[in-house]
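All residue numbers for the sequence shown refer to the numbering used here, where the first residue is 33 and numbers rise by one.
Glycine included, C-beta positions come from ideal geometry on N, C-alpha and C.
As the structure is a prediction and not an experimental result, all values here were calculated from the model.
Reading through the structure tokens given below for one structure.
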Amino acid sequence: MTFVRPVLNLPLAILVTLVLVGSVFTASPAEAADSRHHTDIRDRMYYQVNRERGRHGVRKLKVNAKTQQYARKHALRMANQRRVFHASAKQLRGGTPANTCAWAENVVRTSASNAVRHSMDMFMASSGHRANILNGRLTHMGFGVAKKGKYTYIVQRFIRRC
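Dropping the structure here:
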């Protein structure tokens with residue numbers, strides 16, 4: 033079963049969307065997690081996000097090293113806890129560069145053999161996730177990927193620098 037829950041916290045200017053992936057959207061249990069290295073998955077995800085933005089006339093996002101570092105840490109936390117969850121508001125505030133006005137986060141867990149394609153298909157089919165990816169006010173991105181067992185955990189974090 034799949035659950036999608038958008039959360040809007042206006043005082044913090046956070047747009048967060050959560051996807052818990054269940055049997056409807058995951059690959060069959062017989063398939064292994066994506067065999068590629070986590071940095072290859074991350075880099076392919078960067079390409080796919082900017083490709084989608086370009087298709088919709090939205091400027092490309094730049095990679096922000098600090099945002100990437102914190103997204104990676106969050107992906108590792110999810111993998112170690114074997115569950116999907118968003119960073120707390122405190123973690124988000126502490127995990128963004130100075131002069132950040134807004135941020136958004138997409139998280140997913142998948143057992144698909146092509147984690148990027150599967151995740152992007154799910155994100156683009158969900159209005160909240162799609163809005164985060166195509167938000168023209170956001171300027172930078174950082175993605176984290178971690179693997180545990182048959183699952184690949186992905187955190188997409190987007191920010192707007194002021």
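Pull the bridge partners of residue i from the DSSP assignment, please.
i	result
TYR79	Answer by DSSP bridge pairing: none, since TYR79 is not bridged.
ARG192	ALA134
THR5	Residue 5 cannot be examined here, being either before or after the span of the chain that is shown, 33 to 194.
LYS94	HIS172
With a CB to CB cut of under 6 Å and the five nearest residues on each side skipped, what residues in its chain are close to residue i?
i	result
ALA178	ALA107, LEU108, ALA111 and TYR185
MET77	VAL148 and PHE175
ILE191	THR99, THR128, THR132, TRP135 and HIS172
MET152	GLN80
VAL187	ALA103, HIS106, ALA107, VAL139 and GLY176
With a threshold of 8 Å on Cβ separation, who are the neighbours of residue i within its own chain once the five nearest residues in sequence on each side are excluded?
i	result
GLY86	LYS92
TYR183	ALA65, ALA111, ARG114, ARG141, THR142 and SER143
LEU166	GLU84, ARG85, HIS88 and VAL90
ALA97	GLY174
GLY181	ALA65 and ARG114
VAL95	TYR78, HIS172, MET173 and GLY174
Return the chain-ordered list of same chain residues with a C-beta closer than 7 Å to the C-beta of residue i, the five sequence neighbours on each side being excluded.
i	result
ARG149	none
ASN82	LYS92 and LEU93
What is the C-beta distance between residue i and residue j, in whole angstroms, given that I count them as a contact (C-beta under 8 Å)?
i	j	result
HIS172	THR71	Not a contact, Cβ separation roughly 18 Å.
ARG189	TRP135	7 Å
ARG193	THR132	6 Å
Is residue i near the ligand ZN, in the sense that its beta carbon is under 7 Å from a heavy atom of that ligand?
i	result
ARG141	Judged by which ligands are present, the structure shown has none, so any question about the ligand ZN falls away.
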